[in-house]
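A.B. asks: In the working numbering, the protein residues as written are 2 to 976.
For each residue, glycine too, the CB sits at the ideal point set by N, CA and C.
Questions regarding the structure given below will be posed in turn.
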């Protein structure tokens, strides 16, 4: 039972102190004049006060709280301020008479008043989404605070407080009387009973010390890091400080995170890991953590229900009630055992494997070595063209293998491709916690260990002291409640001989719970500790090999050149693609919104078949005479404007642009090239020379060779001249450069430019820009090169070629990327006269450029693009998506502009729409958050503040909407 003092306190409403009263108290006792605004509190009155000398917090509590309790709070603050590595805490401001606690009487009520410094910073409570970095930082802050308080002592710490988790059970009983909903009351009561039963055996080993006991989003402040994540570094409001369980302090913090967990209790784990690294908890403390979180959740929701009944006008409590109900529901959404296992793993503790050395065979008549295990994982050769989406595909593959081998089984711990959900904001439960065996009906099944039989709805359980075997598909020979010995018959696989039957096998250390058959990747490690592998019964081949993504990344970084970067700091390991989807090794499906290489989509069966067929027949270099090179060259020439009828075939866009520059120099007899700032054209010596993007090369502006002349970029959004009617201004800006080239007397070889400003995010060039610049270049004997590597080949939807939008015809066209759909293929299309200019320098040869396989790949891509109407799709879906993105500008200030057309779009993020300050760090964080939600996206542009939206052209309206919805979710909830 709780003592009378605690019971009385729990029934207290907030002090009856108005804003005017607060301002009068401040003036009378502190000599400060200011404007007060209520901050909200459970049972106190807290006011933020702005004065000429600074900002403060005026705290008013009932006299029922002893002065020594308030003295303990002040003393703790002084103690922490003296510690070098302690978190930031507010200073205590004495009254005019030097007292730190002022006793007052107002309307015949006695109160106690204190004034604290207002600690500036960003809190966590107002955030819908709290990033893992912020969660970890909160856990670290809680640890640092507890560590700093470890040597603090004060008589006022021994107090009666309803939040003291040592009193959670009795406090809950007292609070429950205020809840009128009997169903809710019963659920809360049963939950507290379960939590207390798990806490009690551990209680004697839980350390006691001074703890803040309220390190929550409401009571911390912090700064934003480079990615825009709030990193807590300061603690406020010491009203709940007590001498209590150390682990209870972390439990309070973890419970507070659950209302921002989107229903996922594993959201707290980064906080546990960070805490453990600073101020380690014992194993018993770690085991007590989750029951204490649940107990805290019960007290929160029960206390708020009671407080509302006492103080119906308390908007602070009423506003928090939904959060507290979310905390309670999330806390109760998983078994205690699962969270205990997850917490132990997060803290680095090892769990013991079950002892199975004395177990008997489950299938006494089956040779374990004769079971064929079927690969149903992401990289399985059995899957192609989306066939894994067929509802019974896994069983069909299993049955086929059993027919061929006599017995076949799935593998435990395998991340099933068939479980991958498309357009899902969360990773699906893909990791198998069981094994399905397909074998002859009538096969004998025996008890591997002694235990008690459970039989319900064709589901058999065999439960021993520390393990339960779950079986489905059994024609049972035992009755419910029977005791059996190891080796006793349990029954036979259901079905009539000689047909095949199926037996599902699962182990669990949680008695009385039927565990899930699959776990999400995040939960897989914890569940596997509770549901050990049936390889204990069937042999080690029953286990699927586990992904080693981190080790693989380390090997990549050890042997691949550092200049060859990878997307994301912690990248998923992508091993399969299909249409506009990518799949990682854990069966997570991602919508690929950035991959302009695979223009048809990933894993196109017709392209794969065409390449395979040609490779089996012939693949050699282009000096041999074969039909494919002729036919592909004709196809490309037919796509180009009249007069551009001659083709060079190469392997990449870099090679194509390099060759185009050589052609311009050979034909003109000059060397100097004109290019744009913020551009990217490739990595070879010549194509890199005309690439000026500082995002790709920070030294680009200072390392260009003397024959390269970069001119101001015609960026109609953030350039020197803005808007679509700025061609004349940009042309005027080029004039001094052209005049300098003329004065040099070396001539001008040419001008290279993307037809749509792709590298800057798909920004269209000013109307008439290319027409005017081309005229100036040609007037000097130079050639005009249209780099269509990124924006050409139907991607723009409204045009096949980007230069068509400008109403011009270039002298040379370069293409790559999409034309091979990922196969290394590039091309240069020009006139016969220009092409023959290269022969002055000798013949041209590319070993695999234009090989039979490459040509077949290119022609097949063109065929599929036409037959599947991908240009039309790019136009229709692109226009729809652009409209969705444009709508974000009205609702989110960070969204500055939408660029591009078709399925080459750019969404530019800015911190200020007037100055156009780039939101570089925010853009990177938004991309990371989109990855969590199942969308692949990357930034582009010199400032890396533009989302480059260039998905496969097969993108559906539904997936365009999913992308827009996820982007809006991120902008609304945070990143």
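Judging by CA-CA distance, which residue of 563, 822, 743 and 493 is the nearest neighbour of residue 652?
C.D. replies: Checking every option, the nearest Cα to that of residue 652 belongs to 822.
A.B. asks: For residue 39, which beta-bridge partners are listed by DSSP?
C.D. replies: Looking at the DSSP assignment, residue 39 forms a beta bridge with 48.
A.B. asks: Starting from the C-beta of residue 759, find all residues in its chain whose C-beta is less than 6 Å away, skip the five residues before and the five after it, and write them out in chain order.
C.D. replies: Excluding residues within five positions, the ones whose Cβ falls inside 6 Å are 791 and 792.
A.B. asks: Can you tell me which of 115, 90 and 661 puts its alpha carbon nearest to the alpha carbon of residue 750?
C.D. replies: Ranking 115, 90 and 661 by Cα distance to residue 750 puts 661 first.
A.B. asks: Would you kindly work out how many angstroms separate the C-alpha atoms of residue 620 and residue 679, rounded to a whole number?
C.D. replies: Roughly 39 Å separates the two Cα atoms.
A.B. asks: When you compare the CB positions of residue 320 and residue 223, do they come within less than 8 Å of one another, or not?
C.D. replies: Not in contact: residue 320 and residue 223 (Cβ atoms no closer than 8 Å).
A.B. asks: I think residue 371 touches residue 408, with their Cβ atoms under 8 Å apart; what is that distance to the nearest whole Å?
C.D. replies: Yes, residue 371 and residue 408 are in contact; Cβ-Cβ is about 6 Å, under 8 Å.
A.B. asks: Got a sec, what are the start and stop residues for the alpha helix (DSSP H) residue 957 sits in?
C.D. replies: Counting along the chain, residue 957 falls outside any alpha helix (DSSP H), and DSSP gives it neither H nor E.
A.B. asks: Tell me, please, whether the segment 358-372 touches the segment 388-402 by the rule of three or more beta-carbon pairs shorter than 8 Å.
C.D. replies: Because the criterion of three Cβ pairs below 8 Å is not met, the segment 358-372 and the segment 388-402 do not touch.
A.B. asks: Since residue 456 sits in a beta bridge, which residues does DSSP pair it with?
C.D. replies: Looking at the DSSP assignment, residue 456 forms a beta bridge with 461.
A.B. asks: Excluding five sequence neighbours on each side, which residues of the same chain lie with their C-beta closer than 6 Å to the C-beta of residue 498?
C.D. replies: Once the five neighbours on either side are set aside, the close Cβ partners of residue 498 are 442 and 443.
A.B. asks: Considering only their Cβ atoms, is the gap separating residue 690 from residue 672 smaller than 8 Å?
C.D. replies: In this structure, residue 690 does not lie closer than 8 Å to residue 672 by Cβ.
A.B. asks: Counting only runs of 3+ residues fully inside the segment 265-334, write out the beta strand (DSSP E) ranges in chain order.
C.D. replies: Segments of the beta strand (DSSP E) lying fully in the segment 265-334: there are none.
A.B. asks: With distances taken between CB atoms, is the gap from residue 508 to residue 546 smaller than 8 Å?
C.D. replies: Not a contact, by the Cβ cut-off of 8 Å.
A.B. asks: Can you check which of these residues, 13, 32 and 41, is closest to residue 20 by C-alpha distance?
C.D. replies: Ranking the options by Cα distance to residue 20, first place goes to 41.
A.B. asks: If you reduce the DSSP assignment to three classes, tell me which class residue 244 lands in.
C.D. replies: Strand.
A.B. asks: Return the CA-CA distance between residue 348 and residue 89, expressed in angstroms with no decimal places.
C.D. replies: Using only the alpha carbons, I get a separation of about 26 Å.
A.B. asks: Nearest CA to the CA of residue 514: which residue from 155, 462, 524 and 539?
C.D. replies: Nearest C-alpha to residue 514: 462.
A.B. asks: First and last residue of the beta strand (DSSP E) that includes residue 899?
C.D. replies: Start and end: 896-902.
A.B. asks: With burial defined as no fewer than 16 other Cβ atoms inside 10 Å of the residue's Cβ, what is the status of residue 811: buried or exposed?
C.D. replies: The residue in question, residue 811, is buried, as its Cβ has 16 or more Cβ neighbours within 10 Å.
A.B. asks: Distance, Cα to Cα, residue 174 vs residue 593?
C.D. replies: If you take the alpha carbons of residue 174 and residue 593, they lie about 53 Å apart.
A.B. asks: Contact check, residue 291 vs residue 337 under 8 Å by CB: the rounded distance?
C.D. replies: 6 Å between Cβ atoms; contact.
A.B. asks: Which of the three DSSP states, helix, strand or coil, is assigned to residue 672?
C.D. replies: Coil, per DSSP.
A.B. asks: Find the nearest neighbour of residue 767 within the set 797, 724 and 761, judged by alpha-carbon distance.
C.D. replies: Among 797, 724 and 761, the Cα nearest to that of residue 767 belongs to 724.
A.B. asks: Is it the case that the Cβ atoms of residue 495 and residue 476 are separated by a distance below 8 Å?
C.D. replies: Yes, the pair counts as a contact, with Cβ atoms nearer than the cut-off.
A.B. asks: Give the C-beta separation of residue 902 and residue 799 to the nearest angstrom, bearing in mind that I take them to be a contact with Cβ-Cβ under 8 Å.
C.D. replies: Indeed they touch by this definition, with Cβ atoms about 6 Å apart.
A.B. asks: Which residues in the same chain as residue 632 place their Cβ atom closer than 8 Å to its Cβ, once the five residues preceding and following it in sequence are excluded?
C.D. replies: The answer, listed in chain order, is 856 and 860.
A.B. asks: If you check the beta carbons only, do residue 819 and residue 796 fall under 8 Å apart?
C.D. replies: Cβ distance < 8 Å, so residue 819 and residue 796 count as in contact.
A.B. asks: Can you find at least 3 beta carbon pairs, one from the segment 881-892 and one from the segment 963-973, that sit closer than 8 Å?
C.D. replies: Because the criterion of three Cβ pairs below 8 Å is met, the segment 881-892 and the segment 963-973 touch.
A.B. asks: What are the start and end residues of each continuous alpha helix (DSSP H) run of 4 or more residues lying completely inside the segment 795-854, in chain order?
C.D. replies: Complete alpha helix (DSSP H) runs here, min 4: 833-838.
A.B. asks: To the nearest angstrom, how far is it from the Cα of residue 417 to the Cα of residue 269?
C.D. replies: Those two C-alpha atoms are separated by around 27 Å.
A.B. asks: State the CB to CB distance for the pair residue 788 and residue 728, rounded to an integer number of angstroms; the pair is presumed to be in contact (CB under 8 Å).
C.D. replies: Residue 788 to residue 728, Cβ: 19 Å. No contact.
A.B. asks: Is residue 111 helix, strand or coil by DSSP?
C.D. replies: Residue 111 falls in the strand class under three-state DSSP.
A.B. asks: Three or more C-beta pairs closer than 8 Å, one from the segment 130-144 and one from the segment 46-66: is that the case here?
C.D. replies: The answer is no - the segment 46-66 does not touch the segment 130-144, with fewer than three Cβ pairs under 8 Å.
A.B. asks: Looking at the structure shown, is residue 873 part of a helix, part of a strand, or coil, going by DSSP?
C.D. replies: It is helical.
A.B. asks: With DSSP collapsed to three states, give me the class of residue 378.
C.D. replies: It is a strand residue.
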